[in-house]
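In the order they appear, the protein sequences are chains Y and B.
If you read the first sequence in our numbering, its first letter stands for residue 1, the second for the next number, and so on.
If you read the second sequence in our numbering, its first letter stands for residue 343, the second for the next number, and so on.
Think of the CB as a built atom: it goes at the ideal place given N, C-alpha and C, for glycine as much as any other residue.
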Amino acid sequence: MVRRSMLPVIAAILLITLMAVTASALTFGPAGIPLQLIDDILLSGPTPSEGAAYSIAQHRIVWTLRLPRILTSFVAGIILSVAGMVYQALFRNPMADPYVLGISSGAAFGVSLAAFLGFIGGATGVWQVPLVAFAGAAGTAIFIMMLSGGVRRSPTALLLTGIALNFLLSALMTLFMYLNRAHLQSIMQWTLGSFGSSSWNKLLVMGSMGMVGIIPIIFLTKELDILLLDEASARSIGVSVKTVRLVLLLFSTLATAVTVAFCGTIGFVGLMVPHIMRLVTGPRHRLLLPFSVMGGALMMVGADTVSRTVLGASELPVGVITAIAGAPLFIILLVNSKRSTR
Amino acid sequence: MNDGYAMTVTDLHWSYRHTPLFEHLSTRLPEDAFISIVGPNGSGKTTLLRNLLGILEPSQGTIELFGRKLDTYSRKEMARKASYVPQTSRLEYDFSVYECVAMGRYAHGGRLSVLSGEDHHLIEDALEAMEMSLLSDRLATELSGGEYQRMLIARALAQQSEIILLDEPVSHLDIHNQREILRLLRGLVDRKIATVVCVLHDLNAVSAYSDRVVMMREGAIVAEGTVREVLTKARIESVYRIEVEIASIGDADKPLILPCW
Chain Y
1 MVRRSMLPVI AAILLITLMA VTASALTFGP AGIPLQLIDD ILLSGPTPSE GAAYSIAQHR
61 IVWTLRLPRI LTSFVAGIIL SVAGMVYQAL FRNPMADPYV LGISSGAAFG VSLAAFLGFI
121 GGATGVWQVP LVAFAGAAGT AIFIMMLSGG VRRSPTALLL TGIALNFLLS ALMTLFMYLN
181 RAHLQSIMQW TLGSFGSSSW NKLLVMGSMG MVGIIPIIFL TKELDILLLD EASARSIGVS
241 VKTVRLVLLL FSTLATAVTV AFCGTIGFVG LMVPHIMRLV TGPRHRLLLP FSVMGGALMM
301 VGADTVSRTV LGASELPVGV ITAIAGAPLF IILLVNSKRS TR
Chain B
343 MNDGYAMTVT DLHWSYRHTP LFEHLSTRLP EDAFISIVGP NGSGKTTLLR NLLGILEPSQ
403 GTIELFGRKL DTYSRKEMAR KASYVPQTSR LEYDFSVYEC VAMGRYAHGG RLSVLSGEDH
463 HLIEDALEAM EMSLLSDRLA TELSGGEYQR MLIARALAQQ SEIILLDEPV SHLDIHNQRE
523 ILRLLRGLVD RKIATVVCVL HDLNAVSAYS DRVVMMREGA IVAEGTVREV LTKARIESVY
583 RIEVEIASIG DADKPLILPC W
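Quick look at the structure:
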């Protein structure tokens, strides 16, 4: 933990870095557009102005490809890291997050199943997909709560349940792909995670539904702290544990599902960001929440920029980058937890 | 009206998976007293405590807290009246002692409110009462057993509750720390800060500090009253199935119980 007086300084550094990374992300891409032109393009607004230094194609690349994509990764980073933070408190398990517990896969499964059965297809509106994803995620969340005996059993039992569910759901999604090769491409996209199909329209839906999921959490930071105690203590301090836990689970699962619906399953962000930020702020959620918001956006914009530039012209799924960075941390946590608890 | 009783339990039934643990359990816990609950392992002491706190729900019967039925209290109202010090609950997160004690103010605050000046004052008072002021910036994970227990009691004090229920607060402590904790709890009762209800195993500690003793066996209360009324040779021998000698050195109201090993 960092000294309390240093926190504003770190917050400022984080914020400046975030703005710098987000702005410079606009300059990266197969079409090299210099920073000077980017400024002009942004200032000219969503429609290109006459006689400008940039071409119409450059304007289009920035306004309809890069900007919505970068903002989508920004919002997705916020949602996934906040959801991870909530899950860790909810399950009193430092390794819990929607991805590890199979909730993200549940959302992707919901979408694949609906696509397979023909409920959703190319012509359906942007609102249907997140709702189907939420149904899949919520179903998985309820299932995992029941199977693992909620939070009462050992932390390892919970993680193993999640990992088993992940296996099962991935297998089923692969099955759908083989049974119906027409949907192969779209199902692949959900299982690997990508910001490649971002648009302003989708960003609007994802942003608004995601915020519906995230905003209630701002009002529950005290409860999140107290949930880290044992259940009897939390109740005797005055927290309605069951209600609070249900509300938190519902809203963070909604936010996660919406993200999966548009960007697919992107792992380990929800695990990594709250962990790194907890080293800075300590466990209090009133501080951890804003730091996780900044850290999540920073990590995701960074990871997406790497994913679309590192291989030159072709794109790497962003989930590959986050897994390479995050999976080692998960293993470190697992090894440490075996040493210290029970 | 509560007629000088902090809690009144009437005809309490409680079952775990259809196996009854208590049936027809009734008792009254007087205000401003140090009440000890004793009995062999598995006699239902912790379960009774959790019923008294509304953490577990009785299948039948009523519990009144200061003259009002427990199920009419909201969680927060309940927390302002009764607080709990659980048996073992080592925290795995790096909260400071001060932050842990501040959690006791939860039931007094609004949704987004930060701690007020009064809150800080009460937290500091609670830390001081438990002789923890110098440790307030330490991490709870780094405390010794005795310090940790004192921190939990300070958190209960910060709740400003009128009754504190403790589950074996001294069981895993050395005799110095046992005496420290019990002396501090006794002080709370003597200064009329709170009624203390405490599950204890050491009958000599019970004898030295209690105003009233509730003795349980197999989910039933077998005796209750003053130390001298309850802790008799015959009763201890039958409840614990062990031979004892009762001696008294000094205060005749605080007999010494000597098990014959």
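Taking a Cβ-Cβ threshold of 9 Å, the residues of chain Y close to residue 437/B are 225, 228, 282, 283 and 284, in chain order. Neighbours of residue 235/Y across chain B, judged by C-beta separation under 7 Å: 397 and 417. Look at residue 500/B: its C-beta is not under 7 Å from any C-beta on chain Y.
In the three-state reduction of the DSSP assignment, residue 265/Y falls in the coil class. Contact with chain Y is found for residue 445/B, since one of that chain's Cβ atoms lies less than 7 Å from the residue's Cβ. Excluding five sequence positions before and after residue 389/B, the CB atoms of its chain that fall closer than 7 Å to its own CB belong to 356, 363 and 398, given in chain order.
Residues of chain Y whose Cβ lies closer than 9 Å to the Cβ of residue 431/B are, in chain order, 229, 230, 232 and 233. Remark: fewer than three beta-carbon pairs, one from each stretch, lie closer than 8 Å, so the region 77-90 of chain Y and the region 161-177 of chain Y are not flagged as touching. Using a Cβ-Cβ cut-off of 7 Å, residue 242/Y does not count as an interface residue toward chain B, since no Cβ of chain B sits closer than that to its own.
DSSP places residue 557/B outside any alpha helix (DSSP H); the residue lies instead in the beta strand (DSSP E), whose first and last residues are 554-559. Per DSSP, residue 370/B is one residue of the beta strand (DSSP E) stretching across 361-372. Straight across, the Cα-Cα distance linking residue 288/Y with residue 274/Y is about 7 Å.
In its chain, beyond the 5 residues on either side, 442, 482 and 483 have a beta carbon closer than 8 Å to the beta carbon of residue 433/B.
Burial of residue 326/Y is indicated by the presence of at least 16 other C-beta atoms within 10 angstroms of its C-beta. Listed along the chain, the chain Y residues whose CB falls inside 7 Å of the CB of residue 425/B are 236.
Of all alpha-carbon atoms in 480/B, 555/B, 378/B and 493/B, the one lying nearest the alpha-carbon of residue 571/B is that of 555/B. Taking the Cα of residue 422/B as reference, the smallest distance to any Cα among 491/B, 504/B and 561/B is reached at 504/B. Distances from the CA of residue 143/Y to each of 46/Y, 205/Y, 102/Y and 116/Y were compared; the closest alpha carbon is that of 102/Y. The closest CA to that of residue 193/Y, considering only 19/Y, 41/Y, 336/Y and 73/Y, is found on 73/Y. Annotation for residue 131/Y: the continuous alpha helix (DSSP H) segment containing it runs 128-147. Close to residue 449/B, with beta-carbon spacing below 8 Å, are these residues of chain Y in chain order: 237 and 238.
Here DSSP, grouped into helix, strand and coil, assigns residue 419/B to helix.
C-alpha of residue 223/Y to C-alpha of residue 538/B: approximately 27 Å in a straight line. Using a 10 angstroms sphere on the CB of residue 140/Y, the tally of other CB atoms reaches 16 or more, which defines it as buried. For residue 71/Y, the uninterrupted alpha helix (DSSP H) segment begins and ends at 67-90. Taking 7 Å as the cut-off, the beta carbon of residue 270/Y is found no closer than this to the beta carbon of residue 322/Y. In the three-state reduction of the DSSP assignment, residue 602/B falls in the coil class, being assigned neither a helical nor a strand state. DSSP places residue 54/Y outside both helix and strand once states are collapsed to three, so it counts as coil. Put simply, the CB of residue 219/Y is near chain B, with a gap under 7 Å to one of its CB atoms.
Measuring C-alpha to C-alpha distances from residue 376/B to each of 603/B, 533/B and 430/B identifies 533/B as the nearest. At a C-beta separation below 7 Å, residue 222/Y has these neighbours in chain B: 448. Residue environment analysis places residue 146/Y among the exposed positions, since fewer than 16 neighbouring C-beta atoms fall within 10 angstroms of its C-beta. Flagged as an interface residue toward chain Y: residue 453/B, by a C-beta distance shorter than 7 Å. When the beta-carbon positions are compared, residue 508/B and residue 427/B come within less than 7 Å of each other. Inter-residue distance for residue 487/B and residue 495/B is about 13 Å (C-alpha atoms, whole angstroms).
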